[in-house]
Each structure stands twice: as structure tokens, then as C-alpha cells.
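In this note's numbering, each number is its position in the sequence shown, counted from 1, plus 53. Ideal Cβ placement from N, Cα and C applies to all residues, glycine included. Values in this document were obtained by computation on a predicted structure and should not be read as measured data. To start, the structure under review is shown below, and the notes come after it.
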Amino acid sequence: MDMLPHSFQFSVVTGCTDGIGLSYAKELARHGMKIVLISRNPKKLEAVAEDLKKEFNTETLMIPADFTELNIYDGIKERVAGLDVGVLVNNVGMPSDPQPFLDVPEGEKTYQDMLLVNNLSMVQMTKMILPVMVKKKKGVVMNVSSLAGVSPLPFVAIYSATKVQWYLA
Ligand SMILES: NC(=O)c1ccc[n+]([C@@H]2O[C@H](COP(=O)([O-])OP(=O)(O)OC[C@H]3O[C@@H](n4cnc5c(N)ncnc54)[C@H](OP(=O)(O)O)[C@@H]3O)[C@@H](O)[C@H]2O)c1
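And the structure:
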């Protein structure tokens, strides 16, 4: 958190209502940043926004969006337009239970969703937010990867492949 760009107002966190994303949202709020919260469930978003307000007096912007859908990005872009964003946490991720490749139920849909959530979200969100940072010559993009992406793993091969994110920049 020492690298936090205090000259910015907003952080954007995808998949922010549970787990690692929620922890990032809280930690960034603790450091005085306003948070753009993006997840599917509006009720969970509201609960997190309330908690952040109570605990850190944090201002939030809630954007309900499902990253398995392709048509969400124009809407997100409209909501974040003009915001002074200095931190983007590409956290949202879709895991899979260990199974042989051909045994995954509704494999075509499951694999497509996994690629959309784990990879396309990261590319599109970075493309959307990075220009503000480039303009200010400052900012942080964090892509939440996994040990599962360090080398190919049997039975979670697609998840493992989607988590090889070391070279995205
Ligand atoms: N947990 C681990 O052991 C672990 C280990 C290594 C890496 N990771 C990575 O860390 C990241 C977070 O994992 P986690 O375990 O902390 O997640 P988690 O606890 O399951 O939380 C997932 C978050 O993402 C949101 N979400 C899920 N699917 C979504 C979708 N399709 N569109 C929009 N939002 C969605 C959920 O909220 P809604 O349900 O309200 O949308 C929730 O806020 C992932 O990228 C994962 O691959 C996790």
C-alpha cells in the first residue's frame, strides 16, 4: 500500500463483495480512497457500501455487472467516465472444481464464462481505466492471479490457463 497514489481519488475493484476483492476494497478505503464497487449482486454491493461508509466514511459508487456478459462494458464506462481513478484491482475470478476436461457440466458455457470473467474482464477494464493513469503518468493496476497459473494443472486446466497473467501489462 506504500505505492498508493494519493494524488488520485478513486479505486476500482471488480468482484468486491467477498473474499480477496472485499479485502482490497476495505484496505483502499482505509487509506482514504473512494471506491468504485463492481459485482453482480446489488444487495451485496449495498451492504459493502454501507460497511465502508460506517467504518471509514468512504464514498462509493456501486456498479452491478455480471462479467459473464459481453455487453456490460459500455455501461461501466459511462459510470466511471470523468472519475479520477488511480487504482484498478482486476480481482473478479471464476474458479472450477477439479474434473477431467470433458466431464465439466455444460462445458462450453462454463469454459466461455471462465474466459470472460478471468480474462476479458481484465483486458476491458484495463483498456477503460488505463488512459486516466497514462495521462497523469501515475497509477496502479493489480491483476489478481493464482498459484494455479504458475504451471499447467491437471483437472483444472482451463482455470489454470486463465490465471497465467504475469505478462499482462
Ligand atoms: N480464494 C482463493 O483461494 C484464491 C487463490 C488464488 C487466487 N484467487 C483469485 O482471487 C480472486 C478472488 O477470489 P475469491 O476466492 O476471493 O473470490 P470470492 O470470495 O468467491 O468472491 C468473488 C467476488 O466476485 C464477485 N463475482 C463472482 N462472479 C462474478 C461475475 N460473473 N461478475 C461480477 N462479479 C462476480 C462476487 O460477488 P457477486 O456474487 O455479488 O457477484 C464476489 O464479490 C479470483 O480472481 C481468484 O481466481 C483466489
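- For Phe109, same chain residues with a beta-carbon under 6 Å away, outside a window of 5 residues either side, are Ala82 and Arg83 in chain order.
- By alpha-carbon distance to Gly74, the top candidate from Ser92, Gly85 and Phe63 is Ser92.
- Closest in C-alpha terms to Val133, from the list Leu200, Glu122, Lys216 and Thr67, comes Thr67.
- Taking the Cβ of Ile88 as the reference point, every heavy atom of ligand 1 lies at 7 Å or farther away.
- By the neighbour-count criterion, in which a residue is buried when 16 or more other Cβ atoms sit within 10 angstroms of its Cβ, Ala100 is exposed.
- For Thr67, the beta-bridge partners assigned by DSSP are Ile91.
- DSSP places Met115 in the uninterrupted beta strand (DSSP E) bounded by Thr113 to Pro117.
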